[in-house]
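Protein chains: 2
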Amino acid sequence: MVDTNFKMSFKVRAAKKEDCKDISRMIMELAVYEKMPDQVNISHKELERDGFSPNPFYECLIAEVSDENKTKDGYTIVGYALYFYTYSTWKGRSVFMEDLYVMPDFRGKGIGKGLMAKVAQIGVEKQCVRLQFSVLEWNKPSLDFYVAKGAEDLTAKEGWHFFRFDGQALHQLAKEAPED
Amino acid sequence: MVDTNFKMSFKVRAAKKEDCKDISRMIMELAVYEKMPDQVNISHKELERDGFSPNPFYECLIAEVSDENKTKDGYTIVGYALYFYTYSTWKGRSVFMEDLYVMPDFRGKGIGKGLMAKVAQIGVEKQCVRLQFSVLEWNKPSLDFYVAKGAEDLTAKEGWHFFRFDGQALHQLAKEAPED
Numbered sequence: 001m002v003d004t005n006f007k008m009s010f011k012v013r014a015a016k017k018e019d020c021k022d023i024s025r026m027i028m029e030l031a032v033y034e035k036m037p038d039q040v041n042i043s044h045k046e047l048e049r050d051g052f053s054p055n056p057f058y059e060c061l062i063a064e065v066s067d068e069n070k071t072k073d074g075y076t077i078v079g080y081a082l083y084f085y086t087y088s089t090w091k092g093r094s095v096f097m098e099d100l101y102v103m104p105d106f107r108g109k110g111i112g113k114g115l116m117a118k119v120a121q122i123g124v125e126k127q128c129v130r131l132q133f134s135v136l137e138w139n140k141p142s143l144d145f146y147v148a149k150g151a152e153d154l155t156a157k158e159g160w161h162f163f164r165f166d167g168q169a170l171h172q173l174a175k176e177a178p179e180d
Numbered sequence: 001m002v003d004t005n006f007k008m009s010f011k012v013r014a015a016k017k018e019d020c021k022d023i024s025r026m027i028m029e030l031a032v033y034e035k036m037p038d039q040v041n042i043s044h045k046e047l048e049r050d051g052f053s054p055n056p057f058y059e060c061l062i063a064e065v066s067d068e069n070k071t072k073d074g075y076t077i078v079g080y081a082l083y084f085y086t087y088s089t090w091k092g093r094s095v096f097m098e099d100l101y102v103m104p105d106f107r108g109k110g111i112g113k114g115l116m117a118k119v120a121q122i123g124v125e126k127q128c129v130r131l132q133f134s135v136l137e138w139n140k141p142s143l144d145f146y147v148a149k150g151a152e153d154l155t156a157k158e159g160w161h162f163f164r165f166d167g168q169a170l171h172q173l174a175k176e177a178p179e180d
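This is how it looks when you write it as structure tokens:
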């Protein structure tokens with residue numbers, strides 16, 4: 001009998017600039033899973049510029065498996081967690097996990113948990129008191145995963161809604177800024 | 001007849017370290033308005049440390065009125081917008097407005113709009129393609145204000161829910177990080 005749910009050996013490490021092509025590939029895979037692939041408008045070039053220059057806009061962890069466990073397409077980088085620091089005026093420093101992704105064949109092996117726990121550890125080391133993220137309400141497997149680990153749904157509990165200006169609305173608003 | 005809805009003259013400028021006591025005062029006023037005053041656990045000292053050192057965790061704008069329009073308690077700083085930069089793996093650089101507040105006696109005079117428009121302008125200058133924020137669903141005046149300016153409710157439209165680990169759950173998660 002083969003145990004398909006064994007804890008595959010994997011390594012979590014900080015992403016390097018050279019990993020941006022793999023991150024870009026997985027960003028698209030995640031968007032397909034979230035049913036919004038046409039929304040992705042970013043390439044590994046922007047990822048390199050925005051994450052690997054002074055004052056980067058984000059930090060990223062990747063999960064890597066050994067060569068013998070590589071995918072059929074030859075990939076050994078099979079998951080990532082992309083995060084940045086935010087600020088609560090009630091509690092102070094926080095870390096926000098924008099994306100957490102593990103390739104389908106590698107799920108159920110502790111990799112997602114490992115990536116998320118590492119983000120939490122890095123946040124705690126930086127004196128962050130919260131780890132936040134957003135989840136699509138129809139994504140029941142992910143919701144269950146996060147709640148099982150102790151996360152709270154603030155939208156359900158307190159009624160927080162996410163708002164956004166973009167495109168024309170953002171540029172119109174910017175034009176109406178008072179002069180200095 | 002007195003027009004109480006006139007456009008009061010005000011100035012929007014970047015906050016300085018010396019403004020942190022005023023910001024701290026208004027953070028508490030906003031929390032009282034949001035019915036969660038017991039949640040505020042931050043003083044002007046932390047605001048000074050986190051916003052006014054190298055690699056700050058946030059940036060802040062304040063709105064100031066002239067001395068003749070000061071409050072009955074003598075304040076001339078009557079509003080603030082606190083924001084930071086985030087990152088979308090679909091669209092790139094974004095700006096997140098954590099707080100937008102104007103003291104009650106100074107509402108309806110274009111000050112909130114002015115602060116928000118200035119955040120948008122600063123974001124656009126930094127090549128941000130989104131201005132995001134969160135709003136409590138019962139806060140109808142604020143919801144209406146944002147929607148009237150062109151913002152979209154992503155929770156209602158796409159089903160995004162806000163999640164959080166904090167306190168014991170965060171520390172437990174951090175302890176489970178894989179070793180390097």
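These protein sequence lines map, in sequence, to chains W and U.
Numbering of the first sequence is given in full-length UniProt numbering, commencing with residue 1 and proceeding in unit increments.
Numbering of the second sequence is given in full-length UniProt numbering, commencing with residue 1 and proceeding in unit increments.
Note that CB positions come from ideal geometry on N, CA and C, so glycine has one too.
Contact check between the stretch 168-178 of chain W and the stretch 118-128 of chain U: three or more CB pairs, one atom from each, fall below 8 Å, which counts as touching.
Under the three-state reduction of DSSP output, W/Gln168 falls in the helix class. Taking a Cβ-Cβ threshold of 8 Å, none of the residues of chain W is close to U/Arg25; the smallest such distance is about 12 Å. U/Met36 has its alpha-carbon roughly 29 Å from the corresponding atom of W/Trp138. U/Asp105: not part of any alpha helix (DSSP H); DSSP gives it neither H nor E.
Secondary structure at U/Met97: strand, using DSSP grouped into helix, strand and coil. Cβ contact annotation for U/Phe162 (same chain, cutoff 7 Å, sequence separation greater than five): Ser134, in chain order.
Here W/Glu176 is not near U/Ala14, since their CB atoms are 7 Å or more apart. In the three-state reduction of the DSSP assignment, W/Glu158 falls in the helix class, which pools H, G and I. W/Asp153 and U/Asp67 have their C-alpha atoms some 44 Å from each other. Listed by position along chain U, the residues whose Cβ is nearer than 7 Å to that of W/Asp19 form an empty set, because the closest Cβ is around 14 Å away. With 16 or more other CB atoms across the displayed protein chains lying within 10 angstroms of its CB, W/Thr86 is buried. Just so you know, the alpha carbons of U/Val32 and W/Asp38 end up roughly 42 Å apart.
W/Leu143 and U/Asn69 have their C-alpha atoms roughly 50 Å apart. Proximity of W/His161 to chain U, defined by a Cβ-Cβ separation below 7 Å, is satisfied. For the stretch 28-45 of chain U, residues whose beta-carbon sits nearer than 7 Å to a beta-carbon of chain W comprise Ala31, Gln39, Val40, Asn41 and Ile42.
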